[in-house]
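First comes the structure, then the notes that go with it.
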Amino acid sequence: MFNVVRTYPEPPSIAKNEYNKDDVLKKLRPMFFDKCYLCERDDIQDVEVEHFIPHIKNTALKYNWENLYYSCSRCNGIKSSTHINLLDCANRFYDVGAMVKCLMPSTPDGDVEVSATSATPCIQTANTVTLLEACYNLDNTALREISRETLMEDMWDHYTELLNARQVLRKKRSGHTEKKNAKEIIEVMLDVEYPFSIFWRYYYLNDSFLVQHYPQLRVGF
Numbered sequence: 001m002f003n004v005v006r007t008y009p010e011p012p013s014i015a016k017n018e019y020n021k022d023d024v025l026k027k028l029r030p031m032f033f034d035k036c037y038l039c040e041r042d043d044i045q046d047v048e049v050e051h052f053i054p055h056i057k058n059t060a061l062k063y064n065w066e067n068l069y070y071s072c073s074r075c076n077g078i079k080s081s082t083h084i085n086l087l088d089c090a091n092r093f094y095d096v097g098a099m100v101k102c103l104m105p106s107t108p109d110g111d112v113e114v115s116a117t118s119a120t121p122c123i124q125t126a127n128t129v130t131l132l133e134a135c136y137n138l139d140n141t142a143l144r145e146i147s148r149e150t151l152m153e154d155m156w157d158h159y160t161e162l163l164n165a166r167q168v169l170r171k172k173r174s175g176h177t178e179k180k181n182a183k184e185i186i187e188v189m190l191d192v193e194y195p196f197s198i199f200w201r202y203y204y205l206n207d208s209f210l211v212q213h214y215p216q217l218r219v220g221f
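Residue 1 is where the sequence shown starts when you use UniProt numbering, and the numbers rise one by one after that.
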């Protein structure tokens, strides 16, 4: 999960009581860095406009620009109307990435570990942890099993890039150009606009080698 800044004015379709329109998606897409606001997958082919607070036929919520978020169909279906009272990534008064931690599993078939960074998390943080655990790990139907496999393979492609770059930085035989390229790879991955950025953020923070030898890579968190 990552913070975003909502942009204005709202798309014209909102005033017409329409939300699932091109102008809405075109406004949401760059605002959310082309990523699902929950799982952080990018280049979404199954994008959906998600209601942060379930509208349940409430017109004021259904067509409220501030209640519309950019989501993939997997996360939107899992969140549904059952997960409420969550951390709001568009809230400028806190950093959602500093309140929830996500760690990669040891294998693609393993469960993603999601936890609160505080020993006494607020209810919104606890609810968000529960939702993200489901978004990353739930495979209770054939469709969700397939979508999870696709999600995890995508995450592991990026994870492999990170591990390979770290290995270059560790090796004494790596040349200056190799190390420069490796640092740039990690730097890009730590940016909030990068897919699954919360995972690479906490990988970095838990890696004493990177923290000690490459503190300049830590920017904005």
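Virtual Cβ for every residue (Gly too), placed ideally from N, Cα, C.
Because the structure is a prediction, the values reported are computed rather than measured.
Query                                                                                                                                                                                         : Result
In the DSSP assignment, the alpha helix (DSSP H) including Leu131 goes from what residue to what residue?                                                                                     : 123–137
Determine the closest residue to Glu133 out of Asn91, Lys79, Val96, Leu210, with distance taken between C-alpha atoms.                                                                        : Lys79
Would you check if there are 3 or more beta carbon pairs closer than 8 Å linking the stretch 102–119 to the stretch 74–90?                                                                    : no
Pop quiz: Val47 and Leu25 are said to be a contact at Cβ under 8 Å. What is the actual Cβ separation, rounded to whole angstroms?                                                             : 7 Å
What is the DSSP secondary structure of residue 227, reduced to helix, strand or coil?                                                                                                        : Look at the range of the chain in this structure, 1 to 221, and you will see that residue 227 is not part of it.
I need the straight-line Cα distance from Cys89 to Phe199, nearest angstrom please.                                                                                                           : 16 Å
Exposed or buried, Gly220, counting other C-beta atoms within 10 Å across all chains shown (16 or more means buried)?                                                                         : exposed
Could you check if Ala15 is buried or exposed, using at least 16 other CB atoms within 10 Å of its CB as the buried criterion?                                                                : exposed
Assign Glu18 to one of three DSSP states: helix, strand, or coil.                                                                                                                             : coil
Below 8 Å on the Cβ atoms is my contact criterion, and I expect Lys179 with Val168 to pass it. Report the Cβ-Cβ distance as a whole number of Å.                                              : 6 Å
Assuming the contact rule is C-beta atoms closer than 8 Å, Arg41 and Leu151 should be a hit. Round their C-beta distance to whole Å, please.                                                  : 6 Å
Can you have a look at Lys171 and say buried or exposed, based on whether 16 or more other CB atoms are within 10 angstroms of its CB?                                                        : exposed
Please list, in chain order, all residues of the same chain as Asp23 whose beta carbon is under 7 Å from its beta carbon, the five residues on each side excluded.                            : Pro11, Pro12, Ser13
Given this structure, state the Cα-to-Cα distance separating Cys7 from Leu87, to the nearest angstrom.                                                                                        : Looking at the sequence itself, residue 7 is Thr, so the reference to Cys does not match. If you take the alpha carbons of Thr7 and Leu87, they lie about 19 Å apart.
Should Tyr202 and Cys135 be called a contact, given that it needs their Cβ atoms to be closer than 8 Å?                                                                                       : no
Just the C-alpha distance for Thr141 and Ile84, rounded to the nearest angstrom, thanks.                                                                                                      : 23 Å
Starting from the C-beta of Arg92, find all residues in its chain whose C-beta is less than 8 Å away, skip the five residues before and the five after it, and write them out in chain order. : Asn3, Val5
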